[in-house]
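Accompanying notes for the structure given below.
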Amino acid sequence: MSVIKRAGIAAAAVAALVVPAGTVVATAGPAAAKAATTQGCPYGAVCIYPQNAGWNGGHPSHFYYSYGAHNLSNMVGVHRIYNNQSGGATMRTCTGYNGTGCQGYLPANNYIDKDMTPINSITLQP
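Counting in this note's numbering, the sequence shown runs from 1 upward without gaps.
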């Protein structure tokens with residue numbers, strides 16, 4: 001078999017491998033990214049938007065990803081909180097630091113406009 005013929009077969013094999021992989025990535029990537037983010041809040045996060053700004057044009061001011069307590073500082077007035085976590089994951093607001101004095105549960109894919117003046121922490125739980 002000539003060198004040119006072998007090179008042609010190798011190139012065809014590489015093209016057969018590369019094109020399907022590239023097609024799958026190009027198709028799945030953007031579709032998944034569009035479905036994952038809502039109002040600027042990434043999938044899997046709890047987002048808080050600036051005071052009295054509603055959705056703020058899809059620009060949250062705070063993002064929280066990990067389960068557990070998250071202390072807040074200098075957050076007063078009404079803020080929109082959006083829970084973009086998955087499944088049954090919830091978020092709670094708490095009057096004390098380190099997740100103490102918690103109230104209510106915000107289920108996944110829900111939001112609330114909340115006066116954050118008395119709130120000193122939030123918790124995220126599965």
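Where is the CB? At the ideal position from N, CA and C, for every residue including glycine.
Residue i: first and last residue of the uninterrupted beta strand (DSSP E) it sits in
i      : result
Ala69  : Gly68 to Asn71
Ile81  : Val78 to Asn83
Tyr105 : Cys102 to Pro107
For residue i, the nearest candidate out of the options (CA to CA)
i      : options                         : result
Thr95  : Ala53, Val76 and Pro50          : Val76
Pro118 : Ala53, Ala89, Cys41 and His79   : His79
Tyr111 : Ser121, Ala69, Thr90 and Asn98  : Thr90
Gly88  : Gly101, Tyr97, Gly99 and Tyr105 : Tyr105
Leu72  : Pro107, Ala36, Gln125 and Arg92 : Arg92
Per-residue burial, residue i [other beta carbons within 10 Å of its own, 16 or more giving buried]
i      : result
Ser86  : exposed
Thr123 : buried
Thr100 : exposed
Start-to-end residues for the alpha helix (DSSP H) that takes in residue i
i     : result
Ala36 : Val3 to Ala36
Bridge partners - residue i, DSSP secondary structure assignment
i      : result
Thr95  : Beta-bridge pairing links Thr95 to no other residue.
Gln125 : Thr90
Tyr64  : Val46
Helix, strand or coil at residue i [DSSP, three-state]
i      : result
Asn56  : helix
Ile119 : coil
Asn74  : coil
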